[in-house]
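Worksheet for the structure shown next.
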Amino acid sequence: MIITVIILGIIALFIIMLFTISLKARFIFDTEESNMYMTLFWLPPLFKAVLEIVNTAPVLTIIILNKELLSKTLRSKKKSLNTQLIKQVNPQELVINAYYGFRDPFSTGVATGFLGAISNLTDIASVRHWPDFTAIRDYIYVDASARINVGTALLSYLRS
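Just so it is clear: in the sequence shown, position 82 is 94 by the working numbering, and no numbers are missing.
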């Protein structure tokens, strides 16, 4: 009887933590080193998930208590990006840092204007960008982070 109460208490605590402690998401896109990956943290070092592109295939790695639990290459069943899933996740405190430069200063200026327009039209907490108008080579480096409430994201996903 006591073991059942303890197990139910742990499950209840876990469910409460899902709704109160946000998941931290970080996205990196780097054209100089050909890197693109997303890292999700929840109660570090309890849970960490890394989604990265390796040889043009997405690889998901799940780490629990600093031990690699799963590493699997994902296969896409759909050809299009599911924007409905992004709306259901509803990221909060979205911060985007962008470093970019193009050999053509005009292209850099257009990109700067485009980023400024996007930041004013969307619900992004902060967009900081550092354009390089004197770049010798073309490059883009984007570092974005957000907080995601796991409980509400799961509920909205299950409702759809």
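Positions of the beta carbon are idealized from the N, C-alpha and C atoms, including for glycine. Just so we're clear, the structure is a prediction, and the values are computed from it rather than from any experiment.
One thing to note: residue 71 has its Cβ no nearer than 7 Å to the Cβ of residue 110. When Cβ pairs closer than 8 Å are counted between the two stretches, the segment 23-42 is seen not to touch the segment 139-146, the count staying below three. In this structure, DSSP gives residue 109 an extended state, which the three-state scheme calls strand. The segment 112-144 is shown to contain whole beta strand (DSSP E) runs of 3 or more residues at 138-144, in chain order. Under the three-state reduction of DSSP output, residue 74 falls in the strand class.
Membership of residue 152 in the beta strand (DSSP E) is indicated by the continuous run 151-160. DSSP places residue 34 in the coil class of the three-state scheme, outside both helix and strand. The beta carbon of residue 102 lies closer than 8 Å to those of 160, 161, 164, 165 and 168 in the same chain, with the five residues before and after it left out.
Assigned with DSSP and collapsed to three states, residue 81 falls in strand. Between the C-alpha atoms of residue 79 and residue 125 there is a straight-line separation of about 44 Å.
In this structure, residue 147 sits near residue 114, with a CB-CB distance shorter than 7 Å. Excluding the 5 residues flanking it on each side, residue 107 has same chain C-beta neighbours closer than 6 Å at 137, 138 and 157, in chain order.
Spanning the alpha carbons of residue 40 and residue 135 requires a straight line of approximately 20 Å.
Residue 85 is classed as exposed because its beta carbon has fewer than 16 other beta carbons within 10 Å across all chains shown. In the structure shown, residue 61 adopts extended strand secondary structure according to DSSP, grouped into three states. Beta-bridge analysis with DSSP links residue 41 to 48 and 154. When DSSP states are grouped into helix, strand and coil, residue 147 belongs to the coil group.
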